[in-house]
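Numbering (our numbering), first residue to last: -17 to 170.
From the three backbone atoms N, C-alpha and C, an ideal C-beta is built for every residue, glycine too.
Quick notes on the structure that follows.
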Ligand code: SF4
Ligand code: SF4
């Protein structure tokens, strides 16, 4: 369940400052170089510069519910150009982790659901399966998209660009063990 209410400004700032990427957040001078360098900021609800101000202002709920943190493409342009050494890319990861751990991610968040659907499909079949990905993503965000995507899906099927039963991984058991080990869940 998503947490509600707003923490005192210093509480959220301290929480973020203690995470990898957050160490130099108070050194930000709001120059905007990060936002100007960001290839995806035009789609973000809050630019990287604004997001930093919001963290410093303690706007926990708005920051952790924002779509912006999921639109970061991890290109590091902002980090290498920041004159104050703020590693914004790592900060974005820290915010994503907090959002998941503390239940702030909106249920129908588009970018988050795309990533999680992608991961789930790869974990299930050992490789990307477009049909499963789109179906899962649409069901999680907006089932009406399935109808919208249907003509395109049919066209791709007819042209052999989309397999009805795409091949699965041969040694799925070993793959699942590997994933479990990566998640720290054992899997001998
Ligand atoms: S580039 Fe660095 S100093 Fe400038 S606004 Fe972004 S984080 Fe702050
Ligand atoms: S690392 Fe993320 S926030 Fe920074 S410039 Fe690239 S996409 Fe934008």
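In this structure, DSSP gives residue 22 a state outside helix and strand, which the three-state scheme calls coil. Of the candidates 12, 37, 116, 24, 37 places its Cα closest to the Cα of residue -2. With contacts defined as CB atoms closer than 7 Å, residue 105 and residue 70 fail to qualify as a contacting pair. Taking the CA atoms as reference points, residue 164 sits about 29 Å from residue 45.
Three or more Cβ pairs drawn from the region 85 to 101 and the region 49 to 66 lie within less than 8 Å of each other, which places the two stretches in contact. Nearest Cα to residue 35 within the set -5, 108, 155: -5.
Here the region 54 to 68 makes contact with the region 7 to 19; the two share three or more CB pairs at distances below 8 Å. Distance from the CA atom of residue 5 to the CA atom of residue 150, rounded to whole angstroms, is 43 Å.
Inter-residue distance for residue 138 and residue 127 is about 16 Å (C-alpha atoms, whole angstroms). Of the candidates 94, 136, 10, 94 places its Cα closest to the Cα of residue 119. Counting only runs that start and end inside the region 125 to 169, the alpha helix (DSSP H) elements of at least 4 residues fall at 126 to 140, 154 to 164. Take the alpha-carbon of residue 80 and the one of residue 41: they are about 13 Å apart. Distances from the CB of residue 14 to the heavy atoms of ligand 1 include at least one below 6 Å. Excluding residues up to 5 positions away in sequence, 128 lie with their Cβ nearer than 8 Å to the Cβ of residue 121 in the same chain.
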